[in-house]
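Everything below concerns the one structure shown next.
Below, the structure is given as structure tokens:
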């Protein structure tokens with residue numbers, strides 16, 4: 006299994022077992038080791054009291070992207086801290102794309118920037134997240150059996 | 006109308022018009038000007054691929070608490086930036102409580118810390134958020150009519 | 006040696022060997038395991054181009070407080086990520102006090118909030134920091150010999 | 006005066022009047038509207054108790070870069086919140102370079118990412134900062150007279 010195949014296996018297994026990412030309607034656009042691109046559409050039930058997309062929904066998309074990118078190396082990796090800036094409001098029907106960038110990777114810590122764009126170009130979220138990398142491997146056979 | 010009554014009106018109107026906070030099952034425990042306590046229960050569809058509560062769900066609860074607390078003063082206030090730390094994993098069935106603390110309030114900027122606890126005592130999320138305070142008032146009559 | 010004595014030993018050794026904290030004029034007000042209070046005075050050479058205290062100086066005070074508090078348990082602990090909010094500008098001559106609060110402590114991660122106040126009461130900085138706790142003990146005898 | 010000339014005037018005036026950035030030994034490598042590159046060398050008095058560069062020093066370099074980039078558009082802009090991740094330790098003698106990227110700019114809020122590299126290539130700091138843009142113009146004539 007190549008590194009790219011392992012990355013694809015881990016990400017697809019994680020998404021298949023992730024009810025909240027499925028509720029969000031997240032689709033995987035692209036995967037490589039340490040990197041993913043995800044996409045989703047903002048639905049009515051994701052809006053806040055101002056009629057804009059709830060800040061937690063945008064954060065959740067970026068957080069799923071972080072989790073998939075960080076775990077794609079094959080080690081179980083858990084979110085420690087994340088921050089997000091919101092330069093523009095987001096509306097119902099907008100298509101959001103989240104692209105990860107791996108800023109740094111050591112044995113124990115990984116740091117990622119995720120840029121969320123609307124409708125292909127305008128930046129609507131800038132996310133930075135830190136994961137703690139455990140020594141535990143993703144057991145792909147077991148994970149795959151989850152999907153059956 | 007007292008300041009407390011205005012705070013209660015704003016928060017209840019915001020929650021009533023907030024489909025995502027309703028999907029989360031958020032209940033208001035306590036309101037005073039600049040401060041709220043919210044509560045929700047973690048359901049199966051809020052879990053991630055590891056079987057824990059998705060980090061975006063915990064963030065969303067804290068973000069709703071921030072929005073309600075910041076807007077309870079009566080000025081429309083929008084999230085600019087937030088960060089969250091995750092000291093412990095959260096499981097299905099856990100009851101989460103978010104309590105806001107207003108650290109600072111100027112004409113244009115408000116800063117809030119929100120502590121999320123599990124089952125009444127253990128800290129599972131530490132959130133810090135900054136809002137931009139517009140000069141626009143919450144129009145309560147109009148907002149109240151939303152609720153009818 | 007009690008836990009409090011060990012905390013005092015670690016913090017005093019760290020400060021004695023920390024040229025930048027000494028340049029800042031940091032004094033230790035109080036130490037207990039997992040907690041410190043520090044104090045410093047803003048000098049002319051700490052100002053920025055607007056004549057206010059440089060944001061990096063306030064951050065540095067909070068960061069030293071984080072490092073001292075986190076390491077006071079006796080394990081070498083390194084800053085992973087920190088964020089700071091600046092509710093008010095700070096001026097030359099202001100006395101800054103930084104008080105730490107340990108929000109969470111696990112084997113590998115510690116999370117701290119540090120509130121910086123001016124002249125005893127007004128909040129001028131809200132800092133949140135995450136440290137990675139190594140398995141390495143502070144070797145106090147060796148550290149003490151650094152001071153000779 | 007072109008936008009680039011105004012950016013250069015603002016940045017050089019700010020640096021000339023900024024005692025702490027001068028203490029750090031910050032040099033301007035490049036300026037354009039909304040963007041700067043800065044450089045400095047880590048000196049012995051910038052180290053912490055572990056013998057590494059103090060986290061506050063790296064933050065200060067990034068914070069100065071943020072301030073120069075944000076103010077280079079000509080409006081007085083003040084730091085509201087910043088966060089920094091530290092993927093690698095930094096040592097005495099290292100040459101640090103900070104490059105800004107303007108992620109978003111509205112009338113009232115600007116968002117910037119600053120990457121700090123060591124010795125030209127290795128990432129040692131990832132900074133994200135939010136500024137509040139006042140309506141006040143930089144008065145260049147007055148500022149220039151400061152420099153005489």
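Residue numbers (my numbering), protein chains in the order written: chain V, 6 to 153; chain A, 6 to 153; chain P, 6 to 153; chain H, 6 to 153.
Even for Gly, the Cβ is constructed at its ideal location relative to N, Cα and C.
| request: State the beta-bridge partners of residue 132 of chain V as determined by DSSP. | output: Answer by DSSP bridge pairing, in chain order: V/89, V/119.
| request: Pull up the DSSP beta-bridge partners for residue 104 of chain V, would you. | output: DSSP output for residue 104 of chain V lists V/42, V/120 as bridge partner(s).
| task | Name, going along the chain, the residues of the stretch 68–86 of chain P whose beta-carbon falls closer than 9 Å to a beta-carbon of chain H. | result | Answer set for the stretch 68–86 of chain P: 68, 69, 71, 72, 73, 76, 81, 83, 84, 85, 86.
| field | Contact under 8 Å by Cβ, residue 130 of chain V with residue 74 of chain V | value | For residue 130 of chain V and residue 74 of chain V, no; Cβs fall outside 8 Å.
| message | Could you check whether the Cβ of residue 113 of chain V sits closer than 8 Å to any Cβ belonging to chain H? | response | Output row for residue 113 of chain V: interface = no.
| message | For a cutoff of 8 Å on Cβ pairs, would you count residue 123 of chain H as touching chain V? | response | So, not an interface residue.
| If you drop the 5 nearest sequence neighbours on each side, which residues of the same chain put their C-beta closer than 6 Å to that of residue 152 of chain V? | Note on residue 152 of chain V: pLDDT 34, under 50, position unreliable in the model; no value is reported.
| request: Run down chain A in chain order and give the residues with a C-beta less than 8 Å from the C-beta of residue 117 of chain V. | output: Identification of chain A residues near residue 117 of chain V by a Cβ-Cβ cut-off of 8 Å yields none; the smallest Cβ-Cβ distance measures about 13 Å.
| query | Is it right to say residue 147 of chain A is buried, meaning 16 or more other beta carbons lie within 10 angstroms of its own, or is it exposed? | reply | In this prediction, residue 147 of chain A scores a pLDDT of 47, lower than 50, which makes its location untrustworthy; the coordinate-derived value is nonetheless stated afterwards. Classification for residue 147 of chain A: exposed.
| said: Using a Cβ-Cβ distance cut-off of 8 Å, determine whether residue 135 of chain P contacts chain V. | reply: Output row for residue 135 of chain P: interface = yes.
| Rounded Cβ spacing between residue 85 of chain P and residue 136 of chain P (contact assumed at less than 8 Å) | Taking the Cβ atoms as the reference, residue 85 of chain P lies roughly 6 Å from residue 136 of chain P, within the contact range of under 8 Å.
| query | So which residues on chain H does residue 88 of chain A lean against when the C-beta distance must stay under 9 Å? | reply | Correct list: 86, 88.
| query | For residue 38 of chain A and chain P, any beta-carbon pair shorter than 8 Å? | reply | Contact of residue 38 of chain A with chain P is not assigned, every C-beta pair being separated by 8 Å or more.
| field | chain V residues whose Cβ lies nearer than 8 Å to that of residue 109 of chain H | value | Identification of chain V residues near residue 109 of chain H by a Cβ-Cβ cut-off of 8 Å yields 90, 92, 93, 128, 131, ordered along the chain.
| Residues in its own chain within less than 6 Å of residue 36 of chain P by CB, not counting five upstream and five downstream? | Within the same chain, residue 36 of chain P has close Cβ partners 12, 13, 16.
| task | For residue 127 of chain P, count neighbouring Cβ atoms within 10 angstroms of its own Cβ and tell me buried if that reaches 16, exposed if not. | result | Per the 10 Å Cβ criterion, exposed.
| task | Tell me whether residue 109 of chain P sits in a helix, a strand or coil according to DSSP, three-state version. | result | Here residue 109 of chain P sits in strand by DSSP.
| query | Between the C-alpha atoms of residue 33 of chain V and residue 43 of chain V, what's the straight-line distance to the nearest angstrom? | reply | Rounded to the nearest angstrom, the two C-alpha atoms are 5 Å apart.
| query | Quick one: is residue 99 of chain H buried, meaning 16 or more other Cβ sit within 10 Å of its Cβ, or exposed? | reply | Of the other Cβ atoms in all chains shown, 16 or more fall within 10 Å of the Cβ of residue 99 of chain H; this residue is therefore buried.
| task | Please compile the residues from chain A whose C-beta is within a distance smaller than 8 Å of the C-beta of residue 43 of chain V. | result | Those within 8 Å of residue 43 of chain V in chain A number zero; the least Cβ separation is about 12 Å.
| query | How many angstroms separate the CA atom of residue 63 of chain V from the CA atom of residue 10 of chain P? | reply | Their Cα atoms are separated by approximately 47 Å.
| said: 8 Å is my cut-off, CB to CB: does residue 49 of chain H come that close to chain P? | reply: Closer than 8 Å to some Cβ of chain P, the Cβ of residue 49 of chain H qualifies, so yes.
| message | Measuring alpha carbon to alpha carbon, tell me which residue in H/54, H/87, H/144, H/48 is nearest residue 82 of chain P. | response | Cα-wise, what sits closest to residue 82 of chain P is H/54.
| message | According to DSSP, simplified to helix, strand and coil, what is residue 34 of chain P? | response | Three-state DSSP puts residue 34 of chain P in a strand.
| For residue 115 of chain V versus residue 106 of chain V, is the C-beta distance shorter than 8 Å? | Contact: no.
| Chain-ordered neighbours of residue 52 of chain A on chain V, where CB pairs are closer than 7 Å | Ordered by position in chain V, the residues that pass the 7 Å Cβ test against residue 52 of chain A are 24, 25.
| query | If you run the structure through DSSP and keep just helix, strand and coil, what is residue 140 of chain V? | reply | Looking at residue 140 of chain V - three-state DSSP - the assignment turns out to be strand.
| query | When you compare each of V/59, V/144, V/27, V/113 to residue 69 of chain V by their alpha carbons, which one comes out closest? | reply | Selected option, being the one with the closest Cα: V/27.
| task | Can you tell me which of A/29, A/95, A/76, A/77 puts its alpha carbon nearest to the alpha carbon of residue 52 of chain V? | result | Of A/29, A/95, A/76, A/77, the residue nearest in Cα terms is A/29.
| query | Can you list, in chain order, the residues of its chain whose CB lies under 6 Å from that of residue 88 of chain P, leaving out five sequence neighbours each side? | reply | Correct list, in chain order: 133.
| query | Using the rule of at least 16 other Cβ atoms within 10 Å of the residue's Cβ for burial, across every protein chain shown, is residue 65 of chain P buried or exposed? | reply | Its Cβ being crowded by 16 or more others within 10 Å, residue 65 of chain P is buried.
| query | Looking only at its own chain, which residues have a Cβ that is under 6 Å from the Cβ of residue 141 of chain A, when we skip the five neighbours before and after it? | reply | Its chain contains 81 as the residues whose beta carbon lies nearer than 6 Å to that of residue 141 of chain A, once the 5 sequence neighbours on both sides are disregarded; these appear in chain order.
| Own chain, CB closer than 8 Å to residue 139 of chain V, minus 5 neighbours either side, in chain order | Cβ neighbours of residue 139 of chain V within its own chain (closer than 8 Å, five residues either side excluded): 80, 81, 82, 83.
| Through-space distance from residue 103 of chain A to residue 7 of chain V, alpha-carbon basis | Each residue's alpha carbon lies about 44 Å from the other.
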